[in-house]
Amino acid sequence: MIEIKNLLFQPLTFHLAGDGQGLHLNPRERKSIGNEELSPEIEAAEKRGLISLTETVKPQEVPAKTVESPVKKSKTKSKGNGTQAPRRTKRR
Numbered sequence: 044m045i046e047i048k049n050l051l052f053q054p055l056t057f058h059l060a061g062d063g064q065g066l067h068l069n070p071r072e073r074k075s076i077g078n079e080e081l082s083p084e085i086e087a088a089e090k091r092g093l094i095s096l097t098e099t100v101k102p103q104e105v106p107a108k109t110v111e112s113p114v115k116k117s118k119t120k121s122k123g124n125g126t127q128a129p130r131r132t133k134r135r
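Count the sequence shown with this note's numbering and you get residues 44 to 135, in order.
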């Protein structure tokens, strides 16, 4: 897979090699295409500095981590004797 990044602040459109499909890139957008879809037009655009091409590898799947919900804090401060006193808030 090849990642194409539009380096310009304007949209670009390219023809892909093979089946005659097109590729539209919005300003500063990235898209991935297969190696067989790389056309001479895209290679010429890279030489002119309009886009950047980088070879991408499939990232290895990372097992999903379980997210624990944070412990909810009480909105009241405890007094020294164990009872809760309401917290004062500033008015603006």
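Glycine is no exception: its CB is placed at the ideal position from the N, C-alpha and C atoms.
Given this structure, state the Cα-to-Cα distance separating residue i from residue j, to the nearest angstrom.
i: glycine 135; j: isoleucine 85; result: Here residue 135 turns out to be arginine, not glycine, going by the sequence shown. Rounded to the nearest angstrom, the two C-alpha atoms are 57 angstroms apart.
i: methionine 44; j: threonine 132; result: 55 angstroms
i: threonine 99; j: glutamate 46; result: 6 angstroms
i: glutamate 72; j: leucine 51; result: 9 angstroms
i: proline 54; j: lysine 101; result: 27 angstroms
i: serine 87; j: leucine 81; result: Just to set this straight, residue 87 is alanine in the shown sequence, not serine. If I take the Cα positions, the gap works out to 11 angstroms.
Mapping the DSSP letters down to three states, classify residue i as helix, strand or coil.
i: lysine 74; result: strand
i: lysine 90; result: helix
Compare the C-alpha of residue i against each of the options and name the closest.
i: lysine 74; options: Leu59, Arg91, Thr132; result: Leu59
i: leucine 93; options: Gly77, Asn124, Asn69; result: Asn69
i: glycine 77; options: Leu96, Ala88, Arg130; result: Leu96
Tell me, to the nearest whole angstrom, how far the beta carbon of residue i is from that of residue j; I am working on the premise that it is less than 8 angstroms.
i: glycine 65; j: glutamate 79; result: Contact flag wrong, Cβ pair sits at about 16 angstroms.
Less than 7 angstroms separating the Cβ of residue i from some heavy atom of the ligand NAP?
i: methionine 44; result: Summarising the ligand content, the structure contains no ligands, and the ligand NAP is consequently not present.
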